[in-house]
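Read the structure below first, then the notes.
In the numbering used here, the protein residues as written are 1115 to 1589.
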């Protein structure tokens, strides 16, 4: 009575195959749609970061001006810099077809007013259509060599750039950033601060000399710096921490507990580096916990990290992370650093707190790592800073028309102001009436006095003439 097909249980193998097929169809559908169509006047933003986080989603605001995001990491960038242009070639083989080979061209003039505006005011650097260069022959040869039609090539002018927290740090990354700075491409931080952070060891030496408002100094951990390493000088105490080529996020660092271990590390560095390795030696701190103080725009956050594993690196193994209120002293550190190197919208300091409660500023960064549950909010805050850089300048107020200027030159008053002008003219006349009445009254009084005096003079004259006639006749 019942159908066996409808009552039979679903096979796990069939369900897994159907799920995989559905996922594949969804991926193919997304790839077939391609990149969203952007208007020709869209602002172009270059994000230098890995592809774990898609930064383009933070700029999809339909109520805002359009922004086209191009994302690539440092190893995928190939830079061609001349005295008039900067060309960046992005190679992403095997990735999504819409992220193929991209050419970025940006013309510039060193010392130009546009570069100053981009650096000082962090506004979008205006680029004219004449700065575009035809790379059709080069693109055709590139596509021919790859032998694949899945890549698409396009040429555009970047109007801003941003280095993400997960970008790969390599020796060539500094060279790429210097080329982009020379081209006048604006970043979130000022160009002067970026150049200062490229030589972090020299920057730390300068920050040690800074005197804060309360006559204190930034407690930067003491170090021994070897710009071109050949051999170690005997340290006074052990253990020490050796950092190779500005070790980043615990990578390239080793703890040395004795002189024998130091000799082993010295031999390895001599073979690998051959005098071209940069080495830094610092004392080992018995760590209680470490602090990460970050600044994004006007928002400052502090994270406390306490390692619960036996590893000497607090960022390796298990740890407990919590956000705590920011100390006013740490705010002074950030403010002093920003004043010294120039305008910085994003920066961070890493502080080691020893078991005896002493603080040591271990590292300072202009490209910060994001911590805790607020990573998404921090990315949105960084995107807001970039959106402010790319925002079009405000419109200037409209100038008065020629007809309006001609009327004022001829002395003619506009029609809508005639009533107001009459009211203004009537008000003084009302105020003048009492004064005019007083003046008229005084004039009348003076006239009456004058007439009375003249009448008296005429009477005396008549009496004199009458008496003279009488006495003359008698005589």
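Ideal Cβ placement from N, Cα and C applies to all residues, glycine included.
Under 7 Å between C-beta atoms of residue i and residue j
i, j, result
"residue 1479", "residue 1459", "no"
"residue 1510", "residue 1157", "no"
"residue 1418", "residue 1401", "no"
"residue 1193", "residue 1204", "no"
"residue 1495", "residue 1410", "yes"
"residue 1302", "residue 1484", "no"
"residue 1474", "residue 1333", "yes"
"residue 1287", "residue 1195", "no"
"residue 1200", "residue 1297", "yes"
"residue 1306", "residue 1343", "no"
"residue 1191", "residue 1290", "yes"
Among the options, nearest to residue i - alpha-carbon criterion
i, options, result
"residue 1185", "1495, 1173, 1325 and 1289", "1173"
"residue 1416", "1466, 1327 and 1374", "1466"
"residue 1171", "1310, 1163 and 1183", "1183"
"residue 1403", "1435, 1163 and 1377", "1435"
"residue 1393", "1346, 1471, 1275 and 1326", "1346"
"residue 1161", "1293, 1501, 1187 and 1179", "1187"
"residue 1412", "1318, 1310 and 1492", "1492"
"residue 1357", "1481, 1338, 1429 and 1501", "1338"
"residue 1453", "1433, 1324 and 1295", "1324"
"residue 1315", "1382, 1155, 1366 and 1395", "1395"
"residue 1507", "1179, 1163, 1159 and 1167", "1179"
"residue 1365", "1430, 1335 and 1374", "1430"
"residue 1428", "1438, 1441 and 1399", "1399"
"residue 1441", "1387, 1407 and 1472", "1407"
"residue 1481", "1168, 1277 and 1165", "1277"
"residue 1355", "1464, 1445 and 1379", "1379"
"residue 1282", "1438, 1445 and 1163", "1163"
"residue 1438", "1335, 1446, 1423 and 1414", "1414"
"residue 1371", "1327, 1397 and 1385", "1397"
"residue 1468", "1445, 1455 and 1420", "1420"
"residue 1472", "1424, 1385, 1335 and 1497", "1335"
Start-to-end residues for the alpha helix (DSSP H) that takes in residue i
i, result
"residue 1378", "1373 to 1387"
"residue 1318", "1314 to 1322"
"residue 1442", "1442 to 1455"
"residue 1500", "1489 to 1504"
Residue range of the beta strand (DSSP E) that includes residue i
i, result
"residue 1416", "1413 to 1421"
"residue 1340", "1338 to 1340"
"residue 1172", "Element bounds for residue 1172: n/a, residue is neither H nor E."
"residue 1288", "Segment 1285 to 1296 is the alpha helix (DSSP H) holding residue 1288; no beta strand (DSSP E) there."
"residue 1159", "1157 to 1162"
"residue 1406", "1401 to 1410"
"residue 1483", "Run containing residue 1483: none; DSSP gives neither H nor E here."
"residue 1434", "1433 to 1438"
"residue 1331", "From DSSP, residue 1331 is part of no beta strand (DSSP E); its letter is neither H nor E."
"residue 1194", "1191 to 1195"
"residue 1370", "1365 to 1370"
Rounded straight-line distance, which links the Cα of residue j to that of residue i
i, j, result
"residue 1331", "residue 1320", "11 Å"
"residue 1273", "residue 1300", "7 Å"
"residue 1443", "residue 1450", "11 Å"
"residue 1177", "residue 1426", "49 Å"
"residue 1341", "residue 1189", "25 Å"
"residue 1280", "residue 1295", "20 Å"
"residue 1477", "residue 1311", "11 Å"
"residue 1348", "residue 1383", "16 Å"
"residue 1433", "residue 1154", "48 Å"
"residue 1317", "residue 1165", "31 Å"
"residue 1457", "residue 1275", "16 Å"
"residue 1381", "residue 1360", "19 Å"
"residue 1263", "residue 1151", "Caution applies to residue 1263, whose pLDDT of 42 falls short of 50 and renders its modelled position unreliable; the value that the coordinates give is listed next. Going by the C-alpha atoms only, they are around 20 Å apart."
"residue 1601", "residue 1488", "The first residue shown for the chain is 1115 and the last is 1589, placing residue 1601 beyond what the model contains."
"residue 1376", "residue 1351", "12 Å"
"residue 1502", "residue 1169", "16 Å"
"residue 1374", "residue 1368", "14 Å"
"residue 1326", "residue 1455", "15 Å"
"residue 1313", "residue 1167", "28 Å"
"residue 1329", "residue 1387", "42 Å"
Backbone secondary structure at residue i - three-state DSSP
i, result
"residue 1344", "coil"
"residue 1391", "coil"
"residue 1276", "strand"
"residue 1263", "Note that residue 1263 scores a pLDDT of 42, beneath 50, so its modelled location is shaky; the value from the coordinates is reported in the next line. Coil."
"residue 1527", "Its pLDDT being 49, under 50, residue 1527 is placed unreliably by the model, and the measurement read from it follows with that caveat. If DSSP states are grouped into helix, strand and coil, residue 1527 belongs with coil."
"residue 1462", "strand"
"residue 1476", "strand"
"residue 1201", "strand"
"residue 1428", "coil"
"residue 1186", "strand"
"residue 1309", "helix"
"residue 1325", "coil"
"residue 1355", "strand"
"residue 1252", "Caution applies to residue 1252, whose pLDDT of 39 falls short of 50 and renders its modelled position unreliable; the model cannot decide the point."
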